[in-house]
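In terms of UniProt numbering, the sequence shown is numbered consecutively and its last residue is 902. Ideal placement from N, C-alpha and C gives every residue a C-beta, glycine not left out. All of these numbers come straight from a predicted model, not from anything done at the bench. Some notes on the structure that comes next.
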Amino acid sequence: MAHVALFPHAGEGERRSSSALLQALSHQVLSGLPTVARRVDIDLQATAGEPRERGGGDEESAYEWEHVSSALRSLHAVTKQKAEDTSAHLAMMDAQVQQQLESLRVTVADGEDRESAASRCSSSSADETIQAVRFDVNDLMGELKDSESHFRDVAKLVAPSMHKLQSLEARAAYFEAALEVERRSQEAKTQAMRATSDALGAFAAFAVYVHTLPQEYTYIKQEAERRIAALTNDLKTYAVEKLQSALERIAWPVELTAEDLQSKEEELNEIAQSFSYLLTLQLSQQKIDSRQGFEDDGSNANLWSMDCLLDSILVRFRYHFERLESQTNRLAKPEWVFSHILSQVREHAPFLGRAISPELEKQKHVLDCSDAQVLLLRALISAAQRKFRAEIPSLVAQKALFCHTLDEVLLFEQAIDDEFGYSSWANTNRKVFPRCLDVFTEEMDIFIAWTSVDVAYAREVLANVIFENEEKAWEFDGGDGNATWEPDETETNIPRCVLHFTSLLDFMCRRFAFMASEEHRYLYLTQVHQLLLKDFLRECERRARTIDMHTTVSEHFVVANAAQYVAKVLSAWEQTSMFIELTNKVVQSEKSRSQVLKIHLEYSKSVLKNAAQAASIAVLAREEAAAVHHAIAGPGSLIGPAAAFSAAYSVGSKTVKNLLGRSEDVAVEETKPRENQLVEPALEEIEDDEALIFSRSIFERQIADFKSLHRRLLKSAAGAVLSMFHRDIKLYTQRQDPAAVLQKDVSPELRTSFTLLKCVFDSAKKVLVVGSQSHLSKDVASSVDELFFAAITRSSEGFHQQSAAHALTSMARDQFGFDMSVLTSIFESIDGKSKKYLRRISDLRNLFNLEGSKVRELRNVLDNQGGSSDMEQVSTVLEVCRVHTMTPEQVFNVCSQILDQD
Numbered sequence: 001m002a003h004v005a006l007f008p009h010a011g012e013g014e015r016r017s018s019s020a021l022l023q024a025l026s027h028q029v030l031s032g033l034p035t036v037a038r039r040v041d042i043d044l045q046a047t048a049g050e051p052r053e054r055g056g057g058d059e060e061s062a063y064e065w066e067h068v069s070s071a072l073r074s075l076h077a078v079t080k081q082k083a084e085d086t087s088a089h090l091a092m093m094d095a096q097v098q099q100q101l102e103s104l105r106v107t108v109a110d111g112e113d114r115e116s117a118a119s120r121c122s123s124s125s126a127d128e129t130i131q132a133v134r135f136d137v138n139d140l141m142g143e144l145k146d147s148e149s150h151f152r153d154v155a156k157l158v159a160p161s162m163h164k165l166q167s168l169e170a171r172a173a174y175f176e177a178a179l180e181v182e183r184r185s186q187e188a189k190t191q192a193m194r195a196t197s198d199a200l201g202a203f204a205a206f207a208v209y210v211h212t213l214p215q216e217y218t219y220i221k222q223e224a225e226r227r228i229a230a231l232t233n234d235l236k237t238y239a240v241e242k243l244q245s246a247l248e249r250i251a252w253p254v255e256l257t258a259e260d261l262q263s264k265e266e267e268l269n270e271i272a273q274s275f276s277y278l279l280t281l282q283l284s285q286q287k288i289d290s291r292q293g294f295e296d297d298g299s300n301a302n303l304w305s306m307d308c309l310l311d312s313i314l315v316r317f318r319y320h321f322e323r324l325e326s327q328t329n330r331l332a333k334p335e336w337v338f339s340h341i342l343s344q345v346r347e348h349a350p351f352l353g354r355a356i357s358p359e360l361e362k363q364k365h366v367l368d369c370s371d372a373q374v375l376l377l378r379a380l381i382s383a384a385q386r387k388f389r390a391e392i393p394s395l396v397a398q399k400a401l402f403c404h405t406l407d408e409v410l411l412f413e414q415a416i417d418d419e420f421g422y423s424s425w426a427n428t429n430r431k432v433f434p435r436c437l438d439v440f441t442e443e444m445d446i447f448i449a450w451t452s453v454d455v456a457y458a459r460e461v462l463a464n465v466i467f468e469n470e471e472k473a474w475e476f477d478g479g480d481g482n483a484t485w486e487p488d489e490t491e492t493n494i495p496r497c498v499l500h501f502t503s504l505l506d507f508m509c510r511r512f513a514f515m516a517s518e519e520h521r522y523l524y525l526t527q528v529h530q531l532l533l534k535d536f537l538r539e540c541e542r543r544a545r546t547i548d549m550h551t552t553v554s555e556h557f558v559v560a561n562a563a564q565y566v567a568k569v570l571s572a573w574e575q576t577s578m579f580i581e582l583t584n585k586v587v588q589s590e591k592s593r594s595q596v597l598k599i600h601l602e603y604s605k606s607v608l609k610n611a612a613q614a615a616s617i618a619v620l621a622r623e624e625a626a627a628v629h630h631a632i633a634g635p636g637s638l639i640g641p642a643a644a645f646s647a648a649y650s651v652g653s654k655t656v657k658n659l660l661g662r663s664e665d666v667a668v669e670e671t672k673p674r675e676n677q678l679v680e681p682a683l684e685e686i687e688d689d690e691a692l693i694f695s696r697s698i699f700e701r702q703i704a705d706f707k708s709l710h711r712r713l714l715k716s717a718a719g720a721v722l723s724m725f726h727r728d729i730k731l732y733t734q735r736q737d738p739a740a741v742l743q744k745d746v747s748p749e750l751r752t753s754f755t756l757l758k759c760v761f762d763s764a765k766k767v768l769v770v771g772s773q774s775h776l777s778k779d780v781a782s783s784v785d786e787l788f789f790a791a792i793t794r795s796s797e798g799f800h801q802q803s804a805a806h807a808l809t810s811m812a813r814d815q816f817g818f819d820m821s822v823l824t825s826i827f828e829s830i831d832g833k834s835k836k837y838l839r840r841i842s843d844l845r846n847l848f849n850l851e852g853s854k855v856r857e858l859r860n861v862l863d864n865q866g867g868s869s870d871m872e873q874v875s876t877v878l879e880v881c882r883v884h885t886m887t888p889e890q891v892f893n894v895c896s897q898i899l900d901q902d
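Below is the structure:
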């Protein structure tokens with residue numbers, strides 16, 4: 001028909017064929033719908049009739065539902081297909097009709113009369129055909145409405161059966177899941193009995209399938225998870241049995257030599273495979289648990305494979321060291337435990353390195369440790385910890401055994417660090433890799449016992465070893481007088497007791513190096529090292545007090561050297577990495593500070609508890625306590641309870657007053673102000689205690705105390721010399737006969753002072769180090785310079801009121817110059833720079849050495865000074881005369897007395 005529309009002059013045959021095509025299409029559309037309706041009726045009749053012939057019951061219902069569902073499915077497919085075909089035919093027919101109408105209009109407008117008449121006939125026939133098609137379409141629409149109504153009735157009829165169909169399908173899926181769980185679990189169990197790698201795959205597949213089950217399958221999931229847990233145990237049991245069987249073939253735990261390892265190559269390979277399988281099984285189980293949301297601590301502290309391997313070794317350990325009847329289980333022999341542990345690790349090292357460590361190395365990315373030797377050592381350490389925890393009460397009660405056990409534990413910790421590198425593991429994760437030493441720091445009472453025995457041991461060493469012979473203890477090998485403290489030089493100026501004491505402190509430092517927490521290390525330092533340093537400081541002070549400065553000044557300097565050396569050692573320690581890290585982590589960390597305060601509080605409570613218990617025992621042992629008991633339970637109790645307690649109170653109050661040392665005649669009003677006065681010092685003492693716990697550095701206070709002692713000792717030596725100079729200079733200025741002094745000799749009044757000064761400086765050169773020598777000479781020189789200058793200037797200022805015996809005669813000036821030259825030489829013998837501290841004496845000597853004319857000229861200049869220009873002239877003149885520290889007035893007085901005597 002498109003051809004006809006495109007060519008309006010087409011012939012009659014072509015138009016006739018177009019009309020026939022339109023009629024054929026309409027007939028096809030109309031004939032399709034009754035077929036659909038008939039098909040639906042047939043299917044429904046067959047569906048509705050068959051179940052009634054079979055009767056009731058479950059089998060009939062199943063049979064009925066099978067046919068109903070089959071009929072519905074076929075009906076749905078046919079209806080859908082027919083609806084699609086009908087829609088396509090209607091669309092095509094409408095398009096063809098529109099094309100035909102357009103073609104006819106064109107033909108009528110452009111044709112000739114004959115053709116116009118013919119076309120009008122054709123048009124009328126086409127209109128009739130179109131009209132007929134419209135009627136057919138209307139009929140078709142009616143049939144479609146009837147079909148729609150029919151389908152609604154069918155849907156209502158089959159709705160209950162559809163609901164039942166869905167329920168049956170859900171039940172079928174549920175039963176299929178149950179059957180699949182059963183099948184997979186049986187397959188995994190069969191593979192588990194073989195203990196091969198296929199078992200892991202089957203188990204993993206089963207676990208993944210269970211994880212994908214819907215949450216509505218509650219019972220199936222519970223049963224599946226129960227079977228997973230059972231399979232896990234089965235897998236572990238079969239794998240452990242296989243590994244144990246392989247170990248029995250080599251008679252484990254017998255030591256294997258290099259020859260045994262070569263001869264049992266096949267057995268070792270089997271052990272390695274069984275070990276690897278069990279290790280892989282545990283790691284896969286951990287992955288499954290983490291995937292299912294179970295908590296994981298992130299560590300592999302207990303490996304099934306290593307537990308199987310170590311079980312026989314731990315049984316042997318318990319047999320030797322945990323049975324009461326064992327001959328090797330002795331409280332006094334902890335070294336046997338540690339020697340056994342070390343021997344076991346050494347003996348099994350070849351086997352572990354050959355068969356076990358390579359398998360662990362394959363899983364090192366998920367394991368805490370891949371060294372089988374370290375894992376064996378860790379297991380034995382845990383066993384030793386269990387033994388020592390049971391023995392702690394007995395050890396604490398016997399201090400000698402407790403101290404001996406601590407020594408052995410520390411030696412063992414050092415041995416395993418040196419031989420097996422255990423420190424690298426323990427420092428990384430102390431919870432997973434413990435130490436035997438942790439048993440002694442877990443409880444505060446045990447830690448207090450540890451620090452107490454260490455302090456007692458150190459004090460015993462100080463008393464019975466270091467200071468057993470006090471004179472020898474403070475001896476030292478004298479040096480050449482030029483001793484300096486350099487790291488590469490021998491300490492020849494340090495007394496033996498100090499060297500031994502610092503060695504003891506260093507030894508005590510090694511005892512806390514293995515502690516788990518910085519807080520315990522810091523507390524150990526405060527409770528052990530600081531107490532020992534306080535004891536040694538008191539010993540140094542006591543030694544200094546017993547020394548006579550005029551006879552044994554060198555011993556005084558020995559004590560000063562000791563104090564300075566201890567301060568130097570402590571300062572050097574604070575620069576080491578161990579103490580720097582400890583200071584940064586504890587002193588400068590608020591969290592660690594709170595932990596230390598908490599531990600310190602527990603420590604103080606324990607100490608006070610022990611002290612209170614001891615005090616109560618001491619109080620109850622007194623006669624007053626017996627009197628109180630007698631007052632309560634004695635004759636007074638027969639009178640009545642009130643009389644008994646009254647008598648007890650009377651006796652008890654007297655007892656308390658006697659214990660507190662309070663006299664009867666002290667008034668309450670007199671005591672109150674005293675209590676108020678003690679409040680502030682008490683608070684200051686608390687603040688000082690807190691500052692003592694947390695200083696900017698660990699030994700800050702101790703270093704300051706020893707440096708202070710060193711300065712006080714040097715000042716004491718200088719003070720003894722200066723007191724002698726005070727006395728002698730006074731006699732020196734009051735000398736009655738200056739001419740009686742022999743030339744080229746020191747004035748008799750100054751000989752004692754000069755002799756003592758030379759003795760002190762000789763001892764200082766022999767004993768003190770260079771820095772201390774300079775410090776001592778500086779203090780003495782500055783003071784002596786002031787003493788001589790003050791004595792001369794005071795004499796010259798009041799020479800008009802003084803007698804002739806006090807005048808600065810020529811002979812007296814010469815004698816002063818000679819005395820000062822001797823004094824200067826004594827100072828220069830200890831320190832070449834001491835001369836700069838005798839500047840006032842040097843100015844006096846320079847004035848005394850001037851000629852009379854120059855002295856007179858200098859006095860005239862000073863007498864005529866006026867403005868600023870005159871002051872400049874005076875300064876220039878004094879500079880020429882080499883007078884730098886004296887004022888013009890002092891120079892004028894001295895010059896006047898010189899000229900008057902001349």
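Check, Outcome
"As assigned by DSSP and simplified to three states, the class of T441", "coil"
"Pairwise C-alpha distance: D127 and Q100", "10 Å"
"Delimiting residues of the alpha helix (DSSP H) encompassing I356", "I356 -> no alpha helix (DSSP H), and no H or E assigned at all."
"Same chain, Cβ closer than 7 Å to E749, five either side skipped, listed in chain order", "D728, L731, Y732 and R735"
"Inter-residue spacing [alpha-carbon to alpha-carbon] between E225 and Q285", "13 Å"
"V746 versus S821: straight-line alpha-carbon distance, rounded", "10 Å"
"Contact under 9 Å by Cβ, I203 with L247", "Looking at the sequence shown, residue 203 is not Ile but Phe. Their beta carbons are not under 9 Å apart, which means F203 does not touch L247 by this criterion."
"Burial state of M724, where buried means 16 or more other Cβ atoms lie within 10 Å", "buried"
"Touch test, the segment 498-505 against the segment 420-427, Cβ-Cβ under 8 Å, three pairs minimum", "no"
"Rounded straight-line distance, which links the Cα of F699 to that of S571", "8 Å"
"Ranges of the alpha helix (DSSP H) found wholly within the segment 706-794, counting only runs of at least 4", "748-767"
"Through-space distance from D785 to residue 904, alpha-carbon basis", "Nothing about residue 904 can be read from this structure; the chain reaches only from 1 to 902."
"Bounding residues of the alpha helix (DSSP H) (the contiguous stretch that carries D418)", "K399 to F420"
"Beta-carbon proximity check, Q344 vs L376, cutoff 9 Å", "yes"
"C-alpha distance - F788 paired with I841, whole-angstrom precision", "7 Å"
"Between the CA atoms of A199 and P393 - distance to the nearest angstrom", "50 Å"
"Separation of T190 from R184, as counted between CA atoms", "10 Å"
"C-beta atoms of residue 954 and H710 nearer than 9 Å", "The first residue shown for the chain is 1 and the last is 902, placing residue 954 beyond what the model contains."
"Neighbour-count burial assignment, L44, 16 or more Cβ in a 10 Å radius", "Model confidence at L44 stands at a pLDDT of 42, short of 50, so the residue's coordinates are unreliable and nothing is read from them."
"CB-CB length for E518 against L582, believed under 8 Å", "6 Å"
"Same chain, Cβ closer than 7 Å to T490, neighbours up to 5 away in sequence not counted", "Low per-residue confidence applies at T490: pLDDT is 45, beneath 50, and the placement is therefore not dependable enough to give any value."
"Sequence-distant residues of its chain with Cβ nearer than 6 Å to I250 (five each side left out)", "K264 and E267"
"Per-residue burial, E176 [other beta carbons within 10 Å of its own, 16 or more giving buried]", "exposed"
"The segment 362-378 touching the segment 397-406, judged by at least three CB pairs closer than 8 Å", "no"
"Inter-stretch contact at 8 Å, needing at least 3 Cβ pairs: the segment 817-832 / the segment 871-878", "no"
"Top-ranked residue by Cα proximity to R389, from Q414, F351 and L331", "L331"
"Per-residue burial, Y277 [other beta carbons within 10 Å of its own, 16 or more giving buried]", "buried"
"Pick from C497, T552, R459 and E470 that is closest to M508, judged by C-alpha positions", "R459"
"Short Cβ contact (9 Å threshold) for N408 with F317", "The question names Asn, but residue 408 in the sequence shown is Glu. No, the pair does not count as a contact, with Cβ atoms beyond the cut-off."
"Inter-residue Cα distance where the pair is K211 and I220", "At residue 211 the sequence reads His, which differs from the Lys that was named. Using only the alpha carbons, I get a separation of about 11 Å."
"Rounded separation between A195 and A379 - CA only", "26 Å"
"Entirely enclosed alpha helix (DSSP H) segments - the segment 360-400, minimum 4 residues", "372-397"
"Nonlocal neighbours in the same chain, by C-beta distance under 6 Å from R174, ignoring five residues either side", "A quick correction: the sequence has Tyr, not Arg, at residue 174. Hits under 6 Å: none found."
"As assigned by DSSP and simplified to three states, the class of N482", "No answer about N482 holds up, because its pLDDT of 40 lies below 50 and its placement is not dependable."
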